[in-house]
Each structure stands twice: as structure tokens, then as C-alpha cells.
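The structure appears below as C-alpha cells.
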Amino acid sequence: MWKDITEYINIVNAHYNARKGKRYYKEVKMVDSDINKYCTEIQDMLLNKTYKVSDYEVFIKRDSGKERIIHKLPYYPDRIIQWAVIQKVEPIFIKNFIFDTYSAIPKKGIHLGLKRLSNALRNKDESKYCLKFDISKYYQSIPHDLLKSSLRRKFKDKDLLWFFDNTIDSIKGNVGIPIGNYTSQYFGNYFLSSFDHTFTENYDHHFYSRYMDDIIILHKDKLYLHDLIAEIEKILYNDFGLKIKQNWQIFPVGDRGIDYLGYRTFYNKRLLRKRTKKNLVNKMLKISKLKAIGVNPINCIGSYLGIVEWCDCTELKQKYIEPALEMVA
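For what it's worth, this note's numbering labels the leading residue of the sequence shown as 29, then goes sequentially.
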């Protein structure tokens, strides 16, 4: 695989893919000014094993009340190199995933996950109860040694494993992979893929779905799910070195629906998540009153139109979005 990864044309293609939406970046312009020079330099770094992950720019990103530590790498050479590797190994990662995992996988986003969930809920008898949980500080908690062992079970190319180790060890300590690395979303998805197989092949369930570290399981028996969460906690801690957040829930689906993948899905309808609905109403009311919202109002309205398209929100659209659109049209 390393031969394919280090092919000059693969590195050039990696540059073209990595620069999408970033052509105004100073480093992108630098590489564009002499693609042959910089891509040849990257090829030499990889072939001669002189590449070392650059220093990270670390900052905190706040999103929906959560704080995430983001590690950002330079475009050259790091982002190009990560793209060069992922372009070749992505199909192998994807083949290892079960069907019902949806994060950071081409052509398998939240809309397919929502469709699969709705299909599962058609059988009300088998989907009476939902177990919903996620992993505590997932990216920051992945043990380096267990991730490396997991990758070695799938990949045998020593040169490729050198790159994986180099990337994993770019974070000090023995645990954690950096949020912000292109490789991290594949490492994170892959690390839990063996749990997906263990669970779906050995435990009773009506429906199982994972979006990175957010997991839902549907079953007809509430007591069974209570026993199951205890078993899952043991497996994740003993085999993966991970802990479940203690805010896990087991609840009847019919009472409140399932808050998953950005929407609340019920047996016969799909609604916006409460926080999303609140933000939508606030933004649309401000636009209707011609108040500044910090972004282009047309883009904001278009974004929410795309969101409500996937749920039963006709009244919400008529009451708030359409009046806002009339004000800026």
C-alpha cells in the first residue's frame, strides 16, 4: 500500500482534494505556485521516513454548550500527507464498518441514518424501548496501544503502520487522538468498529446504530436493556479502555421519540431537536424585524430550510421561515 500512497500522482491528487474550499489560504497558494516542487518534497519525506507530524495549533471550540480542544496542523505538508494516506486506505476502513454506522463515511450521513431509524420504528412491538448512550470524552480517551493493536489486525504494511504510529504518537501521553486531524475521524470510527461487530453478532437487538461515539439500541424488553448496559460498560472498559457517560438513558420510544442525529424521531413523525427549534425561531424573528444576526440572513434562512426539509415542520416553516424570507427577498 505504501507504494500506492507515495505515488507522485496520488500526492498531487491529495493536494487538490485537501485544498477544496481553502484556495485562499497562504499555504495553499504556496503549493499551487509550484506543485511539482512541493509534492516531490512530500514524496521524499514519506519514502525516506523523514516526515514528522508538525506542531499543532491548539485552540478551544465552543459548540452547543460543549468545549472541544481542537488540534490544527499546517496545510503543508501535514494535511496533504493525511489526504494522500486516506485516499488509499479509506476503502479498507469502510469495508470493516457495519452498515449502521454513519459518521464521516462518504454517502452515509445523517439522512440515511434517520431513514434507517424510521424504518426500524415501523415495528412498534420490537422497538418499544430505546437505550441511548455515548462515550465519555471519546477522542481524548482512546488508548494509543489499543488503537495501534487494532490497526495492526487490519493492516500489515510496515511503512503504513510507521505513519499511523507517527500520527498517533504526535499527541503526548498514552491516550487520546487529536480532534481536527483528518485521520482521527477514521481512527475513531475504526476503533469502535470491532465493538459494533461484537454487539450486533452476539447480542439480541431490534436495531443498533452508531454515529461515532453516540449509540442507540432498540428492543422490546426494558429489563433486558438494563442488563445490557451493564454488560456494555464492562466490554468497553475491559476491551477498549473507555467509559460510558453516566447520563445514559432507557426510555419508552412512544412517549418522547428518540433524540438522535439532530432530530427527534417518533413512530409516525420526525421533529426538530428542541435546541434547534429554539435557535430557528430566534433567528427568524430577528430577521423578520430586520435585526443583525452576525451572518448573511439569506444563507441563514437557506440553512434552516435545508434542515426542516427532513422533518415534519410545515407549521414552523409557515410561521417563522416564510415571513423572514419575505423580509429579505
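All residues carry an ideal CB built from backbone N, CA and C; glycine is no exception.
Here the structure is a predicted model, which means the values were calculated and not measured.
Annotated three-state conformation of residue 71 is helix, per DSSP. Looking from the CA of residue 162, the closest CA among 53, 335 and 244 belongs to 244.
In the three-state DSSP reduction, residue 202 falls in the coil class, being neither helix nor strand. The shortest CA-to-CA distance from residue 278 to any of 157, 310, 79 and 293 is the one to 157. When DSSP reads this structure, residue 277 sits in a beta bridge with 160. Fewer than three pairs of CB atoms, one per stretch, sit closer than 8 Å, so the segment 296 to 306 makes no contact with the segment 174 to 182. Inter-residue distance for residue 254 and residue 215 is about 30 Å (C-alpha atoms, whole angstroms).
Residue 333 counts as exposed, since fewer than 16 other C-beta atoms from the protein chains shown sit within 10 angstroms of its C-beta. A direct Cα-Cα distance of roughly 47 Å separates residue 45 from residue 250. Nearest to residue 30 by C-alpha distance, out of 71, 321, 155 and 63, is 71. Between the segment 188 to 206 and the segment 224 to 236 there are fewer than three C-beta pairs closer than 8 Å, too few to call the two in contact.
Under the Cβ criterion (8 Å, minimum of three pairs), the segment 75 to 88 does not count as touching the segment 57 to 66. Only residues of its own chain outside the window of five on either side were considered, and among them 138, 141, 142 and 239 have a CB closer than 7 Å to the CB of residue 289, listed in chain order.
When rounded, the separation of the alpha-carbon atoms in residue 51 and residue 36 is 21 Å. C-alpha of residue 43 to C-alpha of residue 111: approximately 8 Å in a straight line.
For secondary structure counted as the alpha helix (DSSP H) over 4 or more consecutive residues, the segment 49 to 121 holds these complete runs in sequence order: 54 to 61 and 63 to 75. Annotated as distal: residue 272 and residue 96, with beta-carbon spacing of 8 Å or more.
Cβ-Cβ distances below 6 Å link residue 211 to 110 and 195 in the same chain, with the five nearest sequence neighbours on each side left out; the list follows chain order. Beyond the five residues adjoining it in sequence on each side, residue 82 comes within less than 6 Å, by CB distance, of 101, 102 and 106 in the same chain, given in chain order. The closest CA to that of residue 331, considering only 345, 167, 119 and 164, is found on 345. Inter-residue distance for residue 303 and residue 309 is about 10 Å (C-alpha atoms, whole angstroms).
Beta-bridge partners assigned by DSSP to residue 298: 293. In the structure shown, residue 235 falls within a strand segment according to DSSP collapsed to helix, strand and coil.
Rounded to whole angstroms, the separation of the alpha carbons of residue 39 and residue 149 is 45 Å. Across the set 41, 185 and 32, the C-alpha of 41 shows the shortest separation from the C-alpha of residue 66.
Taking 8 Å as the cut-off, the Cβ atoms of residue 218 and residue 121 count as close.
The three-state secondary structure of residue 134, taken from DSSP, is coil.
In the DSSP assignment, residue 244 falls within the unbroken beta strand (DSSP E) covering 242 to 247. When rounded, the separation of the alpha-carbon atoms in residue 352 and residue 284 is 30 Å. The three-state reading of DSSP puts residue 34 in coil, since its state is none of H, G, I, E or B. Taking 8 Å as the cut-off, the Cβ atoms of residue 145 and residue 260 do not count as close.
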